[in-house]
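As structure tokens, the structure follows; a few thoughts come after it.
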Amino acid sequence: MPDAFASKYGKAAPPPSRTVLLNPGPVNVHERVRSALAYPDVCHREPEVADLMTRVRAKATAVCGGDETCTSVLLAGSGTAALEAAVSSVVPADGRILVLDNGNYGLRIHLIVATHGIDETYLEFGWTNPIDPAAVERALVDDPTITHVAMVHHETSTGMLNPVRAIGEITHRLGRSLLVDAISSVGAESFDMLADHVDWCVATANKCLEGLPGVSFVCAPRSRFEELADVPAHTFYLDLHGHYRGQAIVGAPLFTPAVQVMFAFEQALDLVLEETVTGRAARYAELAAQVRAGLAERGMEFLLPAEHWSNSVTNVMVPDGVRYADLHDGLKDEGYVVYGVQEELGAVFRVANMGQLDEADIKGFFSALDRVLPAVRTGGAA
Ligand SMILES: *Cc1c(COP(=O)(O)O)cnc(C)c1O
Numbered sequence: 001m002p003d004a005f006a007s008k009y010g011k012a013a014p015p016p017s018r019t020v021l022l023n024p025g026p027v028n029v030h031e032r033v034r035s036a037l038a039y040p041d042v043c044h045r046e047p048e049v050a051d052l053m054t055r056v057r058a059k060a061t062a063v064c065g066g067d068e069t070c071t072s073v074l075l076a077g078s079g080t081a082a083l084e085a086a087v088s089s090v091v092p093a094d095g096r097i098l099v100l101d102n103g104n105y106g107l108r109i110h111l112i113v114a115t116h117g118i119d120e121t122y123l124e125f126g127w128t129n130p131i132d133p134a135a136v137e138r139a140l141v142d143d144p145t146i147t148h149v150a151m152v153h154h155e156t157s158t159g160m161l162n163p164v165r166a167i168g169e170i171t172h173r174l175g176r177s178l179l180v181d182a183i184s185s186v187g188a189e190s191f192d193m194l195a196d197h198v199d200w201c202v203a204t205a206n207k208c209l210e211g212l213p214g215v216s217f218v219c220a221p222r223s224r225f226e227e228l229a230d231v232p233a234h235t236f237y238l239d240l241h242g243h244y245r246g247q248a249i250v251g252a253p254l255f256t257p258a259v260q261v262m263f264a265f266e267q268a269l270d271l272v273l274e275e276t277v278t279g280r281a282a283r284y285a286e287l288a289a290q291v292r293a294g295l296a297e298r299g300m301e302f303l304l305p306a307e308h309w310s311n312s313v314t315n316v317m318v319p320d321g322v323r324y325a326d327l328h329d330g331l332k333d334e335g336y337v338v339y340g341v342q343e344e345l346g347a348v349f350r351v352a353n354m355g356q357l358d359e360a361d362i363k364g365f366f367s368a369l370d371r372v373l374p375a376v377r378t379g380g381a382a
């Protein structure tokens, strides 16, 4: 019967058995995570879903370093949904947000702030330049009307790890709130929302937490969520205080959550809590070291100096005489997906090592690269 439609609408190609994802999320997931997707059909207003959400919120809080004074609110949507919920919900009408930008995701926060017409001071450091804590401190001392600071912990577009602890120390000392996009750092970097003085932590299921796309969350001290009662929301669907009330007070989601993806996310959270965040950070750091050693051996050059590297993303220059698209397609034919970067950075691409990957995957990637590179070099034997 489906074939009757295939001639009219086309037909999906059979999926590959396993592609090694070297893009910075979505990632290769554990079989336990994938199997959980097959949870039987369920109504989202039944107690088993309320219980699931309570457990997932507690486990999400734990991986952010939160204690019982903190809680998490789950959103159906990608990381940007949680980011927009937080950014658009936390700044009061008489507040002002200082946005720190040193890459594509810092820019994204700026664009969200602009979309909602929130008063903003915008500090651009330039892509690939580190955030300068002294400049942040000066901006806050100079302008007491700034109530919030927003930054990205791991700037995934360049692979730069930003100094969240240094900024948190400043915002804490100067009495401002800190909102951190920790979407690609939670689970794989040293991050502790309490020690780092993070008031609002935004994260997602499908990066270093190794879940599937469709669920994201905001973690914060309960007192912060309570304070939002007086802050008018900028959006109906992403009203963070509304979701907090639904999930943490009433015990029912506001709207239909991505239930099966949440069951999968619970497995992913169990896996990272079993591995521990420090254990996962060490595993990723080891794989990143293998990626970087292999690239360096082949004479390839990195976008950033080593002092700024994260545990999960390596930005590397496209070799001379190679078109990125050819390199990407050649590697994909071999079963490895690498990731392009924004045009601002020129001929650079990314090799991420997030997800359920091991040494054999990295070795396999380099064997594939050694076959593909000569074939795609202009004038090379194609
Ligand atoms: C992936 C990512 C996002 C969100 O991207 P989505 O496609 O919405 O999940 C935001 N910030 C950072 C730092 C990211 O790495």
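Per full-length UniProt numbering, numbering through the sequence shown is continuous, rising by one, with the last residue being 382. Beta carbons: idealized from backbone N, C-alpha and C, even for Gly.
With 16 or more other CB atoms across the displayed protein chains lying within 10 angstroms of its CB, Asp239 is buried. Ile112 and Ser88 have their C-alpha atoms some 8 angstroms from each other.
Using a C-beta cut-off of 8 angstroms, the segment 18-33 makes contact with the segment 343-363, since at least three inter-stretch Cβ pairs fall below that distance. Going by C-alpha positions, Trp309 is about 44 angstroms away from Pro47. The segment 269-287 makes no contact with the segment 240-255; the number of CB pairs closer than 8 angstroms stays below 3. Between the C-alpha atoms of Thr121 and Ala93 there is a straight-line separation of about 15 angstroms. For Asp119, the closest C-alpha among the options Ser7, Asn102 and Asp143 is that of Asp143.
Look at Val113: its beta carbon is at least 7 angstroms from all of the heavy atoms in ligand 1. Within the segment 30-77, the complete alpha helix (DSSP H) segments at least 4 residues long are 31-36 and 47-63, listed from N- to C-terminus.
Exclusion of Tyr284 from the 7 angstroms shell around ligand 1 follows from its C-beta lying no nearer than that to any non-hydrogen atom of the ligand. For the pair Leu212 and Val186, the CB atoms are not nearer than the 8 angstroms cut-off. Counting every other CB atom within 10 Å of its CB across the protein chains shown gives Glu297 a total below 16, marking it as exposed. Under the DSSP assignment, Val113 falls in the alpha helix (DSSP H) whose first and last residues are Asn104 to Thr115.
Restricting attention to Val198, Asn315, Cys43 and Ala182, the CA atom closest to the CA of His148 is found in Val198. For Val250, the closest C-alpha among the options Ala203, Tyr39 and Asp51 is that of Asp51. Taking a cut-off of 8 angstroms on C-beta distances, the segment 226-234 does not touch the segment 96-111, as fewer than three cross pairs fall below it. Non-local beta-carbon contacts of Arg57 in its own chain, meaning distances under 8 angstroms to residues more than five positions away in sequence, involve Thr71, Ser72, Val73, Leu74, Phe217, Gln247 and Ala248 in chain order. The C-beta separation of Leu369 from Leu331 comes to about 7 angstroms, placing the pair in contact by the 8 angstroms criterion.
When distances are taken from the beta-carbon of Asp101 to the heavy atoms of ligand 1, even the shortest one reaches 7 angstroms or more. Sequence-distant partners of Glu301 (beyond 5 residues in either direction) whose C-beta falls short of 8 angstroms from its own C-beta, in its chain, are Val316 and Met317. Phe302 sits in a strand when the DSSP states are folded into three classes. Lys207 has its alpha-carbon roughly 18 angstroms from the corresponding atom of Met151.
Within the segment 246-299, the runs of alpha helix (DSSP H) at least 4 residues long that lie entirely inside it are, in chain order, 259-275 and 277-297. Distance from the C-beta of Gly79 to the nearest heavy atom of ligand 1 is below 7 angstroms. Under the DSSP definition of a beta bridge, Tyr122 partners with Val99. C-alpha of Gly79 to C-alpha of Arg108: approximately 12 angstroms in a straight line. Around the Cβ of Cys219, a 10 Å sphere holds 16 or more other Cβ atoms; the residue is buried. In this structure Pro257 is buried. Its beta-carbon is surrounded by 16 or more other beta-carbon atoms within 10 angstroms. Between Thr54 and Met193, the alpha-carbon positions lie close to 20 angstroms from each other. For the 8 angstroms CB-CB criterion, Val215 and Ala76 form a contact.
Thr314 places its beta carbon less than 8 angstroms from that of Leu295.
Collapsing the DSSP output to three states places Phe365 in a helix.
Distances from the alpha-carbon of Thr156 to those of Val372, Thr19, Arg222 and Leu304 put Leu304 closest. Taking 7 angstroms as the cut-off, the C-beta of Leu209 does not count as close to any heavy atom of ligand 1. For Ala134, the three-state secondary structure derived from DSSP is helix. For Ala12, there is no enclosing beta strand (DSSP E), as DSSP marks it with neither H nor E.
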